[in-house]
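Peer 1: Below you will find the structure I want to go over with you.
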DNA sequence: AAAAAGCACTCGCTACTGTTGAGTGCCAAT
DNA sequence: ATTGGCACTCAACAGTAGCGAGTGCTTTTT
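The following block contains the structure:
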């Protein structure tokens with residue numbers, strides 16, 4: 001899969017990719033010869049370009065237009081060519097201060113982070129909250145709302161809250177509910193939510209045929225409470241992709257927006273990114289987001305103090321400013337990790 | 344402001360508006376003469392159209408194109424011309440079942456409702472949750488998360504939950520927190536959230552110089568907890584406006600999407616709709632959404648069992664299928680009210 | 001006097017044309 | 001191996017002409 005290229009070919013390919021990223025227009029041989037310090041004539045460049053095209057790294061929209069990088073070329077570019085910019089002092093300041101000033105708990109920080117990512121990159125910022133299930137259990141609480149209706153509130157040690165309306169078979173008095181809570185709180189102390197869930201299920205089996213009916217009911221209710229729904233996803237800056245000339249066409253845009261309406265799709269896509277450490281890059285069809293649209297994705301993980309893992313990144317066109325966005329995503333992930341661990 | 348028109352003028356205006364809604368193209372005199380049962384020649388229609396144009400109800404994009412209704416015409420149309428369709432059995436079924444099957448509390452129902460509105464109308468569905476502040480207080484709870492960090496959980500009688508991370512000056516033991524909660528729960532029993540807030544503020548003044556230091560601290564913490572943030576807004580079907588031919592232009596769309604990114608703008612816009620009862624219609628510039636874009640808004644209120652008011656509706660192009668959307672919004676609002684009151 | 005018919009005129013839309021220029025591929029010269 | 005030269009391709013642009021939908025005004029009909 002790896003491509004062998006001479007130094008010159010690589011320089012030329014880099015020039016083409018960067019030119020195309022900057023202008024969004026097919027780049028011709030003379031432009032390359034002129035703009036870069038390689039002292040070569042356009043004719044020579046043309047020869048090289050013909051080679052690159054044959055190798056599937058370039059394509060021409062029509063006979064006499066310049067060349068456009070293929071996905072393969074972007075892949076090669078980010079793997080071995082791109083010269084990463086450093087994150088500027090200004091950008092660092094912005095990332096940190098935005099992160100800090102939003103006081104409203106975990107969600108607040110993450111929402112603000114996705115907005116910051118969008119602003120700095122000029123593409124779409126996206127943050128997926130750490131999976132609640134791997135967070136450490138802190139507290140559970142039942143509140144009676146009406147006949148046979150109780151509200152279960154589940155709090156993780158990071159301050160994430162999950163609440164759920166539960167219909168019970170019998171009506172329970174507040175004192176009963178309190179006893180249930182005490183029992184459950186003690187049982188689940190120190191576990192992660194998913195461990196707690198396991199525990200509840202096993203307890204339900206063992207306890208089922210036993211004497212303590214109240215506790216078996218408590219288990220049944222709590223089982224619903226810890227069955228967590230979908231994770232939280234923050235997306236900011238959706239309007240920014242309209243800035244990109246390649247998406248001015250309405251049909252294409254519609255496809256993209258429809259994809260984003262179902263956050264589920266994105267979640268599925270991003271769960272892959274959770275596995276590996278460091279910055280991950282998915283180019284074009286590698287995202288499997290929508291067939292045709294040239295969308296790329298740059299992500300990285302962040303870690304909370306309780307060792308749960310979240311994901312943040314930037315979604316933009318394949319023709320994206322990788323050299324500046326990659327470092328920003330990298331730095332932001334590290335900062336978010338650090339700030340979340342300050343507790 | 345009211346317009347006096349002969350029967351024939353009104354029929355012709357109606358025909359033009361409906362034709363334009365259907366086709367999105369300027370409608371000419373002969374089209375009107377042909378398509379509708381008025382036995383008139385195109386010439387006669389032209390005379391009438393010239394009148395209507397003079398009155399500011401029609402405009403022509405250029406000399407020899409057909410006429411386009413102005414905002415004023417739409418206004419007149421919805422006020423006195425439109426023949427409302429009835430909500431079909433199928434639609435009713437859809438509204439009710441979607442509403443019911445989503446079990447996840449108030450937010451779940453409302454989110455599903457906005458999706459349903461979008462599906463039925465083919466425009467954007469929007470729902471604003473009842474303002475938490477006018478909901479009746481049910482329960483407050485403090486959970487200690489770390490040194491000088493507590494999580495305040497505020498529950499309304501409708502099952503809406505608001506949680507907030509609060510930094511305190513001193514470190515409080517769980518027993519202290521429990522005493523605080525008991526005190527506060529008793530104090531705020533039966534009030535609405537906003538009443539409770541008032542009460543806390545007055546208490547803080549009277550109690551301030553007094554002996555019970557713990558209670559004064561409790562008040563200070565709870566004051567933060569009941570200061571509610573922004574309301575919840577659910578918007579679904581954003582991609583659908585891309586179906587409308589008048590928005591295929593990228594610049595226009597960008598304007599719209601940017602407007603929607605700040606849900607704050609929408610909230611402000613919609614707070615107006617809360618005042619009056621029944622279906623409200625805002626056409627074009629009446630929405631004050633964005634200068635140029637021809638956006639209209641059809642909304643209605645719904646009411647919860649605790650008499651708090653929420654808002655739901657449809658956002659679409661000015662050239663919208665009013666005759667079918669108005670009844671849908673009306674019916675949906677009524678159904679949501681009913682379902683929320685079944686508790 | 002209201003309605004219809006006739007007619008000249010406007011103007012956007014489409015198709016066709018020729019021209020320009022950026023870009024290519026290939027070959028011969030260095 | 002590199003480069004200059006040259007013929008060729010093709011999108012983009014501008015100009016032109018014809019079509020047709022639609023209008024406004026005038027005249028005729030009822």
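Chains as they are written, first to last, in my numbering: chain A, 1 to 343; chain B, 344 to 686. Virtual Cβ for every residue (Gly too), placed ideally from N, Cα, C.
Should residue 118/A and residue 237/A be called a contact, given that it needs their Cβ atoms to be closer than 8 Å?
Peer 2: Counting from 1 along the first chain, the entry for residue 118/A is found at position 118. Counting from 1 along the first chain, the entry for residue 237/A is found at position 237. Their beta carbons are under 8 Å apart, which means residue 118/A touches residue 237/A by this criterion.
Peer 1: Please name the residues in the stretch 124–138 of chain A whose beta-carbon is closer than 9 Å to at least one beta-carbon of chain B, in chain order.
Peer 2: 138
Peer 1: So what does residue 152/A bridge to, in DSSP terms?
Peer 2: For this step, residue 152/A is matched to residue 152 along the first chain. In the DSSP output, where bridge partners are listed per residue, residue 152/A has 142/A, 164/A.
Peer 1: Below 8 Å, can you find three or more Cβ-Cβ pairs linking the stretch 180–190 of chain A to the stretch 107–123 of chain A?
Peer 2: no
Peer 1: Just confirm the distance between the C-beta atoms of residue 193/A and residue 233/A, as a whole number of angstroms; I'd bet it's less than 8 Å.
Peer 2: The sequence position of residue 193/A within the first chain is 193, counting from 1. The sequence position of residue 233/A within the first chain is 233, counting from 1. Contact flag wrong, Cβ pair sits at about 18 Å.
Peer 1: For residue 177/A, does the three-state DSSP call read helix, strand or coil?
Peer 2: Against the first chain, residue 177/A aligns to sequence position 177. Looking at residue 177/A - three-state DSSP - the assignment turns out to be helix.
Peer 1: In angstroms with no decimal places, state the Cα-to-Cα distance between residue 372/B and residue 246/A.
Peer 2: Within the second chain, residue 372/B is the residue found at index 29, counting from 1. Within the first chain, residue 246/A is the residue found at index 246, counting from 1. Distance between the alpha carbons of residue 372/B and residue 246/A: 40 Å.
Peer 1: For residue 597/B, go through chain A and note every residue whose CB falls closer than 8 Å to its CB, in chain order.
Peer 2: Position 254 of the second chain holds residue 597/B. Residues of chain A passing the Cβ test: 239, 242, 243.
Peer 1: Pair every Cβ in the stretch 358–378 of chain B with every Cβ in the stretch 406–421 of chain B, then say whether three or more of these pairs are closer than 8 Å.
Peer 2: Yes: the two stretches touch, three or more of their Cβ pairs being nearer than 8 Å.
Peer 1: Under 8 Å, Cβ to Cβ, is there at least one residue of chain B near residue 226/A?
Peer 2: For the purposes of this step, residue 226/A is taken as residue 226 along the first chain, with counting starting at 1. Not an interface residue.
Peer 1: If we ignore side chains and look at the alpha-carbon of each, how far apart do residue 641/B and residue 421/B end up?
Peer 2: In the second chain, the residue the question calls residue 641/B occupies position 298. In the second chain, the residue the question calls residue 421/B occupies position 78. Rounded to whole angstroms, residue 641/B to residue 421/B spans 11 Å at the Cα level.
Peer 1: Closer than 9 Å by beta-carbon distance: list the chain B residues that pair up with residue 261/A, in chain order.
Peer 2: The residue you call residue 261/A lines up with position 261 of the first chain. Neighbours of residue 261/A on chain B, chain order: 579, 580, 581, 582.
Peer 1: Given this structure, state the Cα-to-Cα distance separating residue 307/A from residue 320/A, to the nearest angstrom.
Peer 2: Numbered from its first residue, the first chain carries residue 307/A at position 307. Numbered from its first residue, the first chain carries residue 320/A at position 320. Here the alpha carbon of residue 307/A sits roughly 32 Å from the alpha carbon of residue 320/A.
Peer 1: So is residue 583/B buried or exposed if we call it buried at 16+ other beta carbons inside 10 Å?
Peer 2: As a first step, residue 583/B is located in the second chain; it is residue number 240 there, counting from the start. Residue environment: residue 583/B is assigned as buried (16 or more neighbouring CB atoms within 10 Å of its CB, all protein chains considered).
Peer 1: Under 7 Å Cβ-Cβ, which residues of chain B neighbour residue 250/A?
Peer 2: Taking the first residue of the first chain as 1, we reach residue 250/A at position 250. 585, 591, listed in chain order.
Peer 1: Please report the distance separating the alpha-carbon of residue 39/A from that of residue 50/A.
Peer 2: Counted from its first residue, the first chain places residue 39/A at position 39. Counted from its first residue, the first chain places residue 50/A at position 50. Their Cα atoms are separated by approximately 19 Å.
Peer 1: Check whether the Cβ atoms of residue 502/B and residue 270/A sit closer than 8 Å, and answer yes or no.
Peer 2: Here residue 502/B refers to the residue found at position 159 when the second chain is read from its first residue. Here residue 270/A refers to the residue found at position 270 when the first chain is read from its first residue. No, the Cβ-Cβ distance between residue 502/B and residue 270/A is not below 8 Å.
Peer 1: Chain A partners of residue 496/B, CB-CB under 8 Å?
Peer 2: Within the second chain, numbered from 1, the residue matching residue 496/B stands at position 153. Chain A residues near residue 496/B: 141, 153, 155, 161.
Peer 1: Does any residue of chain A have a CB that is nearer than 8 Å to the CB of residue 319/B?
Peer 2: Absent from the structure is residue 319/B, since the part of chain B shown begins at 344 and ends at 686.
Peer 1: Within 8 Å of any Cβ in chain B, is that where the Cβ of residue 84/A sits?
Peer 2: Along the first chain, read from residue 1 onward, the residue named residue 84/A stands at position 84. Not an interface residue.
Peer 1: Tell me which residues share the same chain as residue 608/B and place their Cβ nearer than 8 Å to its Cβ, disregarding the 5 neighbours each side in the sequence.
Peer 2: Your numbering for residue 608/B matches position 265 in the second chain. Cβ within range, chain order: 602, 632.
Peer 1: Could you tell me which of 666/B, 483/B, 488/B sits nearest to residue 144/A, measuring between CA atoms?
Peer 2: Mapped onto the first chain, residue 144/A falls at position 144. Measuring from the Cα of residue 144/A, the nearest candidate turns out to be 483/B.
Peer 1: Starting from residue 603/B and walking both ways along the alpha helix (DSSP H), at which residues does that stretch end?
Peer 2: Position 260 of the second chain, counted from the first residue, corresponds to residue 603/B. 593–604 is the span of the alpha helix (DSSP H), which, as asked, contains residue 603/B.
Peer 1: Is residue 145/A close to chain B, meaning its C-beta is less than 8 Å from at least one C-beta of that chain?
Peer 2: For the purposes of this step, residue 145/A is taken as the residue at position 145 of the first chain. Yes - at least one Cβ of chain B is within 8 Å of the one on residue 145/A.
Peer 1: May I ask you to report which of helix, strand or coil DSSP gives residue 400/B?
Peer 2: Counting from one through the second chain, the residue named residue 400/B turns up at place 57. In the structure shown, residue 400/B falls within a coil segment according to DSSP collapsed to helix, strand and coil.
Peer 1: Buried or exposed: where does residue 636/B fall if 16 or more other Cβ atoms within 10 Å of its Cβ makes it buried?
Peer 2: As a working mapping, residue 636/B is identified with position 293 in the second chain. Looking at its Cβ environment, which holds 16 or more other Cβ atoms inside 10 Å, residue 636/B is buried.
Peer 1: To the nearest whole angstrom, what separates the beta carbons of residue 100/A and residue 339/A, a pair I think is in contact under 8 Å?
Peer 2: Indexing the first chain from 1 puts residue 100/A at position 100. Indexing the first chain from 1 puts residue 339/A at position 339. Their Cβ separation, rounded to whole angstroms, is 7 Å, which keeps residue 100/A and residue 339/A in contact under 8 Å.
Peer 1: Report the three-state DSSP secondary structure of residue 131/A (helix, strand or coil).
Peer 2: Locating residue 131/A in the first chain gives position 131, where the first residue counts as 1. Three-state DSSP puts residue 131/A in coil, outside helix and strand.
Peer 1: Along the beta strand (DSSP E) that carries residue 279/A, what are the first and last residues, could you check?
Peer 2: To locate residue 279/A, count along the first chain from 1; it is residue 279. It is not in any beta strand (DSSP E) - residue 279/A carries neither H nor E in the DSSP assignment.
Peer 1: Report all residues from its chain with a CB closer than 7 Å to the CB of residue 41/A; omit the five preceding and five following residues, and keep chain order.
Peer 2: Translated into positions along the first chain, residue 41/A becomes position 41. Hits under 7 Å: 33.
Peer 1: Counting along the chain, where does the alpha helix (DSSP H) carrying residue 434/B start and finish?
Peer 2: What you label residue 434/B is simply residue 91 of the second chain in a count that begins at 1. That run of the alpha helix (DSSP H) goes 432–444.
Peer 1: Quick one: Cα of residue 665/B to Cα of residue 593/B, how far?
Peer 2: Taking the second chain and counting its residues from 1, one reaches residue 665/B at position 322. Taking the second chain and counting its residues from 1, one reaches residue 593/B at position 250. In a straight line, the C-alpha of residue 665/B is about 25 Å away from that of residue 593/B.
Peer 1: So for residue 651/B, helix, strand or coil by DSSP?
Peer 2: Numbered from 1 along the second chain, position 308 holds the residue referred to as residue 651/B. Of the three classes helix, strand and coil, the one that applies to residue 651/B here is coil, per DSSP.
Peer 1: Could you spell out the range, first to last residue, of the alpha helix (DSSP H) harbouring residue 643/B?
Peer 2: Here residue 643/B is taken as the residue at index 300 of the second chain, counted from 1. Careful: residue 643/B lies outside any alpha helix (DSSP H), inside the beta strand (DSSP E) at 638–646.
Peer 1: Given this structure, state the Cα-to-Cα distance separating residue 69/A from residue 220/A, to the nearest angstrom.
Peer 2: Taking the first residue of the first chain as position 1, residue 69/A is located at position 69. Taking the first residue of the first chain as position 1, residue 220/A is located at position 220. Whole-angstrom Cα-Cα distance: 57 Å.
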